[in-house]
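Chains as they are written, first to last, in the working numbering: chain A, 1 to 302; chain B, 303 to 604; chain C, 605 to 906; chain D, 907 to 1208; chain E, 1209 to 1510; chain F, 1511 to 1812.
Everything on this sheet refers to the single structure shown next.
There are 6 protein chains.
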Amino acid sequence: MFIHNKKLQYTVRVNEPDPVLGTFMLEQFGGPDGELAAAMRYFSQGLSEDDPRRKDMLMDIATEELSHLEVIGSIVAMLCKGAKASMTEGTMEEAELYREINGGGISHTESILYGGGPAFVNSAGVPFNGHYIDTRGEPTVDLRSNIAAEARAKIVYERLINITDDPGVKDALNFLMTREVAHQKSFEKALYSIENNFPPGKLPGDDRYASVYVNTSQGEGDATGPWNSGPQWDRIDDLTKSLPVDGGDGVASVQLASDEMDDLKAAATRTRSNSSEDPTTGADLGAGPGAGRTKEVAAECQ
Amino acid sequence: MFIHNKKLQYTVRVNEPDPVLGTFMLEQFGGPDGELAAAMRYFSQGLSEDDPRRKDMLMDIATEELSHLEVIGSIVAMLCKGAKASMTEGTMEEAELYREINGGGISHTESILYGGGPAFVNSAGVPFNGHYIDTRGEPTVDLRSNIAAEARAKIVYERLINITDDPGVKDALNFLMTREVAHQKSFEKALYSIENNFPPGKLPGDDRYASVYVNTSQGEGDATGPWNSGPQWDRIDDLTKSLPVDGGDGVASVQLASDEMDDLKAAATRTRSNSSEDPTTGADLGAGPGAGRTKEVAAECQ
Amino acid sequence: MFIHNKKLQYTVRVNEPDPVLGTFMLEQFGGPDGELAAAMRYFSQGLSEDDPRRKDMLMDIATEELSHLEVIGSIVAMLCKGAKASMTEGTMEEAELYREINGGGISHTESILYGGGPAFVNSAGVPFNGHYIDTRGEPTVDLRSNIAAEARAKIVYERLINITDDPGVKDALNFLMTREVAHQKSFEKALYSIENNFPPGKLPGDDRYASVYVNTSQGEGDATGPWNSGPQWDRIDDLTKSLPVDGGDGVASVQLASDEMDDLKAAATRTRSNSSEDPTTGADLGAGPGAGRTKEVAAECQ
Amino acid sequence: MFIHNKKLQYTVRVNEPDPVLGTFMLEQFGGPDGELAAAMRYFSQGLSEDDPRRKDMLMDIATEELSHLEVIGSIVAMLCKGAKASMTEGTMEEAELYREINGGGISHTESILYGGGPAFVNSAGVPFNGHYIDTRGEPTVDLRSNIAAEARAKIVYERLINITDDPGVKDALNFLMTREVAHQKSFEKALYSIENNFPPGKLPGDDRYASVYVNTSQGEGDATGPWNSGPQWDRIDDLTKSLPVDGGDGVASVQLASDEMDDLKAAATRTRSNSSEDPTTGADLGAGPGAGRTKEVAAECQ
Amino acid sequence: MFIHNKKLQYTVRVNEPDPVLGTFMLEQFGGPDGELAAAMRYFSQGLSEDDPRRKDMLMDIATEELSHLEVIGSIVAMLCKGAKASMTEGTMEEAELYREINGGGISHTESILYGGGPAFVNSAGVPFNGHYIDTRGEPTVDLRSNIAAEARAKIVYERLINITDDPGVKDALNFLMTREVAHQKSFEKALYSIENNFPPGKLPGDDRYASVYVNTSQGEGDATGPWNSGPQWDRIDDLTKSLPVDGGDGVASVQLASDEMDDLKAAATRTRSNSSEDPTTGADLGAGPGAGRTKEVAAECQ
Amino acid sequence: MFIHNKKLQYTVRVNEPDPVLGTFMLEQFGGPDGELAAAMRYFSQGLSEDDPRRKDMLMDIATEELSHLEVIGSIVAMLCKGAKASMTEGTMEEAELYREINGGGISHTESILYGGGPAFVNSAGVPFNGHYIDTRGEPTVDLRSNIAAEARAKIVYERLINITDDPGVKDALNFLMTREVAHQKSFEKALYSIENNFPPGKLPGDDRYASVYVNTSQGEGDATGPWNSGPQWDRIDDLTKSLPVDGGDGVASVQLASDEMDDLKAAATRTRSNSSEDPTTGADLGAGPGAGRTKEVAAECQ
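Next up, the structure:
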């Protein structure tokens, strides 16, 4: 069960309202790498985890992310409080208010639709989506997703810090950014506490294809590196010759029942492409007098 | 520029049509961990990458994923070809056709809307979404996302293999699954070829908070592990005492201009919660005779 | 800040696994009327609420809804645990496993993509969407939305109870349903604690139109009720005569600058509909020999 | 059947084009509280309503909302007509045209993608979503949703009025806002015409939990009000002691079959968290020389 | 303004309830090719159309499509009425009710969430999306989109007819399908009433590239047809030789300011791929004893 | 299988960075009419096409569209490269950087979330959606959709050209626009190579309704044209008299089983609208002293 303590995990001191900056901060409230996505990612993993120690870690971090959601949401609320008050009371001149909420980003939507409160959208106004939460129910997979998610959240906070000059906002963002680093470290430890965590899952993969590198992009700029050359790699450069890699005919086929085959033939006959003529088309009809070669044919149809 | 060779990278031999299994395979065609998401993830990274060697790798793997999209799409097309033919020609009894496309999953939608071809949806019919592609434009972040994405794709293929008994489908899926393993290995090599890749990005994080573990979930089951204890961690167990971690008042604040403050007060007055009475409510009005204590009040209003 | 106690608010005792029933329960985990939507609706209102007493209530109920999210998520996890274990280890025959996860609903997606854990989707697999959270930042509006949301959540739980015969699941659902009733009562009390809460917001509305009922749907079945007749209503039955209600010309107009007018005329000329002839069309070209009247014209074009 | 009269329900007189203001107005055309959502909400309820009098009301108001959709759409079309003409004919200097459509909001998208016509998106460009329509097929629920939806629509119109200084636009918006007030009144009358409309639906709820208030958010700011205190409430302040409320063990459990249990154990063994060591991780490998305590271990791996 | 006549445009006589078939019909109620998308496509075009005759046609057909929405919605409501009644009253055994709503498709979601009424989702439960409406504000484009949309709607109705054996449903679907044919004919006439409708829009295109066919897919199966050969086409078969078609270097470039260039170099240095070594990776650490070649390196790190 | 040649199909020479223009270009990268949607539309058709010649054409054009995706993506990457470098290194003053990324459109989101690379969103930040791909698996339908899609893509490129004054960008856009014209011509030829392509699909439609035009929008502005008058049309102007067109009663009906009928009656009774009184409502309770007629009743309840 969750319990709420009215103090924030980190004090939020905003120097002055700035509704546009507020909408930029929504990226970490309702965006793909934001705190709600993080909290629910770990929470959903924790709910079905059977290893009691990992479950404990997942619930710990999920709960802390909810507290971070509260911190970033409070930052948004403070930055937008001035515009919200003006909009609610309607005491400003219309044109002045219009300018205030049209300063950039989606601050107009923030004011008109969300009333100046933190909304579960990203900085472009795109609503939060359940697919941001990429839990797959297998720890050797999910922990890697968590590591990556923490890395993404870290870089987004770094960018928000880079565009903020309000010291109180910068300070709180710095705290939130640092916690993502700490969480990434925890998830790394948890992943490597599982022996044989690679390849993820249970099936081992097929030895014939697991160390092959296919050089599908060719031309000036072709390069080598530890990801495609060295003793652990078999590299394919002659693509045409290698096709298909299984030595078959490289064609897709299926065995149909005879009535299905009959239907298939009937459909093919009905829609077959007539090969012997150059048909007049709608484009031919629609092209103007300067349309050239196919125009003579079309002209006859007018 | 892309060029297409009409041979598949891997031969697809489907034993017999199975439209329901076909819709399950859509998970890797138009689903979040599917081949289109993979191809476009690496392609979008490659387009703006400035390191020529990583760019080469990203374009190589992006292009191969497009070829895998072709393989999994061909599997879907073969599995659905029978139902498609029956639906197109409408020669079956209606009730029989109805049963055929209502065998499970979303095979009805596959037949009715998509006409039995591979559709850019997942196995529940949810359309592909651009946010599946989590490129963030920073290699120490993106490579971790790629590693995680390959792990997710691997486990989904493993599960599809577990439910398939058509040997040709199983065989092709096994190839596709194995290639995810190989790609993960390449991305790992590329990540660790960057010195100082942790923390991701440029800003270092705040030393005061980078090694703190906050034990926010407490009770029976509390546990320790390398992710929250040992010399590298400072652990907080007494949450209330530690609040807020910055030593401030744990409150969110903002300095408003005086006219904003006036508007705020006006709004607060207008919507303030009247504390001295227990108002009759719509629920009171709507509750039936058995509704109890508040009912007397409501009764007077009828 | 949020703190987590490892005990559930309500004990969950599931009699036996049932992955299909589990996917139905997702409606209240990641669906539009589910617990995450509820928790975040009240949480977002609480973050920007300036009335301290309502803020306290909103944070109380938001936090409880998170605890309900944990209860319903645990129900899903328990119901799906058997299928998850079978899928993970792949020890069953493929065909048997296929049947198990194709028993109805989206249990196939639950197993293939989400690995048998609770996912932030509804019972059709549609991902959670930030727009489920309809906070608008005005208490006389938001409290009405909360009342309606609790009513919707109540009826969905009622329906889930109606299709469940596992006594432990039924019991926990009954608790969750009842709490929605309690929350609705709280929100009703909070709404009616605000004097003059109707019309919502600040602007009063235009007296000429506030008591008019427009009878736009006419024919057999036209009816009267307290919503359209009686002393408080002015009813319009003769629609054509009343058009437009403002006494103007009922046309939309705008004053354009002269260069805009020139462009508009140029565009109109270029795309004007030629009135004097019956053009041959693509459909004429494409219709077969039995297409009738317009066919003669088309025939000349072949 | 629907019939269209070419006159608008309310005359639209726009003073001059303003494509940015036009995109703000989209909030009520294709946004969550807009006229299409309203019309389809009541229409979908009307289609399956069995009470003939409510059905009549629902069809009346649904039809009127379609007429409002026409009014607001006409406002958008008029406000954008100038930019549309300039864009279509391309007679302006490119840079000038660029500035004109980049004045704020999403007016660039309006011009580039939608060609200056009203689009089914909100003011941030988010496409209309079928889930805006929250019909649940139970009148005691749906009427509450309708009341809340009208309240939301009213406040959004109020905000649009606050930022508009074109008198013709203001006038038409005022009409539309007022009609939401009238509709809310009708839905209120219809709700309270149903006896025993609370709790909504049929099941009564469990008396043990229906009057309990759980004080889950604690600390400075804890408050009382008619929503959590007084004779009709049993209030829980000591959360830990009350857990779980049903007197059970507060744990989630399920009875698995023996083969499922075997699979579960096998999975747990394979992915168990190794408790006895502090593993070297990817983050350890990636941290630079200044990374501190865990660095020594990592260094050995280079 | 819209007016509603309580009679349907076409009588709906459903023989018996069938909630699964009902959910299939949703494809044309809230799906991409359904009646709401059609009505709103033409309505949005009509609102900003400046040619009075086309505007009249667009409003005529938009209004008729709303009437079709009513017909298909009534079919859904009738097919689901039985399940709705059972669910609402909860008089059936739970297990029996469970089976009834789990007969296929998304009839469970229809019953649990939407209460058995027509919902604005498609047959897989995907919510209606504003982007189904592809109005672009240029008649030579929009009329082509309308023609295509009518063709798609026609084929979806054809498929629904093929799986229905209820004569009343089949009859009404046949009417709706036929009307799509009539509408396509009208839109064709309107398109070809515009002289010079090809290419659509105003800019003529570049003669060097307008008649080129690029044969990018090569191998067994390469074919010719009137779409790529004949006097009106210049065909490119030797792709490599033709690259890039403009005769440039085929590279993307931009001129950066010097400070931007400095930043770019700094970023490149910080994240450059170290070319001289084969780094140990996270995958190396995670691979088990059987992992082969790279294992020796990893082993040293344990 | 796909192969990538590192040269672009068309050289991209961007004069100087312009991150706002870059986000406008996203419309054709990740927008509804963009190159990814085009490529995947034709690719999905090609995968299940059984006519070998059309399949060849579809794979040719799909592959070329991927190459166009690369060109437009490279334009975005070049236009955003300056802002990306500044953001990554954070060497600018915060306020200056803030201004740079807040110049319009969604360039803030581009910088903060996507790191300055091309993202699979449109110019308003809306993520790519699988439903942009409207393949239906029937060539007489799909080819019409392709023709319409090419027309839409053409007009969006035309508009982007109109707002660009960078000659290199303009040049590349002109190439891409022209290729859409060429592709439309190919698809037209392919459509008209199918005999009897109208009506699309197999079922012929009902002769009674295929040539009827229903004049549903009436009033000043009613017009005639080849789409509604002439020998090929039967036009209905007297709508009320014609209702319903089938000569039935214009009502929707279904035959329920007796237990379903009992449930229906029970539900109707429970929720019937009480006709004999004017109930006090929540709005009555909430209206302030100036609320008028219904206020007296409400006053008694206080």
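Every residue, glycine too, gets a C-beta built ideally from N, C-alpha and C.
Remember, predicted model here, so these are calculated numbers, not experimental data.
Among the options, the one whose alpha carbon lies nearest that of residue i
i	options	result
serine 1179 of chain D	B:Gly392, B:Ala525, B:Ala364	B:Ala525
glutamate 639 of chain C	C:Lys806, C:Ser671, C:Pro656	C:Ser671
serine 48 of chain A	C:Gln613, C:Phe606, C:Val675, C:Ser749	C:Val675
proline 1649 of chain F	B:Asp473, B:Thr390, B:Val483	B:Thr390
histidine 4 of chain A	C:Ala643, C:Asp838, C:Gly854, C:Lys793	C:Ala643
isoleucine 155 of chain A	A:Thr164, A:Ser145, A:Glu180	A:Glu180
serine 648 of chain C	C:Ala887, C:Asp882, C:Ser815, C:Gly734	C:Gly734
glutamine 520 of chain B	A:Pro204, A:Met59, A:Leu191	A:Met59
serine 1359 of chain E	F:Ala1593, F:Asp1644, F:Glu1660, F:Ile1611	The question names serine, but residue 1359 of chain E in the sequence shown is alanine. The candidate whose alpha carbon is nearest that of alanine 1359 of chain E is F:Asp1644.
Per-residue contacts from residue i into chain C (C-beta, under 9 angstroms)
i	result
aspartate 922 of chain D	In the sequence under discussion, the amino acid at residue 922 of chain D is glutamate, which differs from the aspartate named in the question. Near glutamate 922 of chain D (Cβ distances below 9 angstroms), the residues of chain C are Val858, Gln859, Leu860, Ala861.
glutamate 1278 of chain E	Neighbours of glutamate 1278 of chain E on chain C: none; closest Cβ ~11 angstroms, over 9 angstroms.
Where residue i meets chain F, residues with beta-carbon distance less than 7 angstroms
i	result
leucine 889 of chain C	Tyr1702
Where residue i meets chain B, residues with beta-carbon distance less than 9 angstroms
i	result
threonine 1424 of chain E	Met303, Phe304, Ile305, His306
Partner residues on chain B for residue i, Cβ-Cβ distance less than 7 angstroms
i	result
arginine 99 of chain A	What arginine 99 of chain A touches in chain B: nothing, since even the nearest Cβ is about 15 angstroms away.
isoleucine 1371 of chain E	Glu396, Leu399, Tyr400, Ile403
arginine 152 of chain A	Asp436, Arg438, Val443, Ser447
valine 730 of chain C	Val428
Beta-carbon neighbours of residue i, restricted to chain E and to distances below 9 angstroms
i	result
arginine 1042 of chain D	Leu1321, Tyr1322, Gly1323, Gly1325
Bridge-paired residues (DSSP) for residue i
i	result
phenylalanine 1512 of chain F	B:His306
arginine 919 of chain D	C:Ser857
alanine 1495 of chain E	A:Phe198
Proximal chain F residues relative to residue i, where beta-carbon distance stays under 8 angstroms
i	result
glutamate 1094 of chain D	Thr1791, Gly1792, Ala1793, Asp1794
leucine 160 of chain A	Ile1622
Contacts of residue i in chain E (Cβ-Cβ under 7 angstroms)
i	result
serine 273 of chain A	Gly1433
glycine 635 of chain C	Leu1321
Contact set between residue i and chain D, taken where Cβ atoms lie within less than 8 angstroms
i	result
alanine 1285 of chain E	Leu953, Ser954
serine 1282 of chain E	Leu953
Partners in chain D for residue i, counting only beta-carbon separations shorter than 7 angstroms
i	result
glutamine 632 of chain C	Those do not exist, as glutamine 632 of chain C stays about 13 angstroms from chain D at its closest Cβ, beyond 7 angstroms.
Chain C contact residues for residue i, given Cβ-Cβ distances below 7 angstroms
i	result
lysine 1076 of chain D	What lysine 1076 of chain D touches in chain C: nothing, since even the nearest Cβ is about 11 angstroms away.
Suppose only complete runs of 3+ residues qualify. What are the beta strand (DSSP E) ranges in the segment 486 to 567 of chain B, listed by chain order? 514 to 516, 536 to 538, 554 to 556
Is there contact here, the segment 1023 to 1034 of chain D with the segment 917 to 935 of chain D, by at least three beta-carbon pairs under 8 angstroms? yes
Start-end ranges of the beta strand (DSSP E) lying completely within the segment 80 to 130 of chain A, minimum 3 residues: none
Between the segment 792 to 809 of chain C and the segment 1072 to 1090 of chain D, can you find at least three pairs of beta-carbon atoms closer than 8 angstroms? yes
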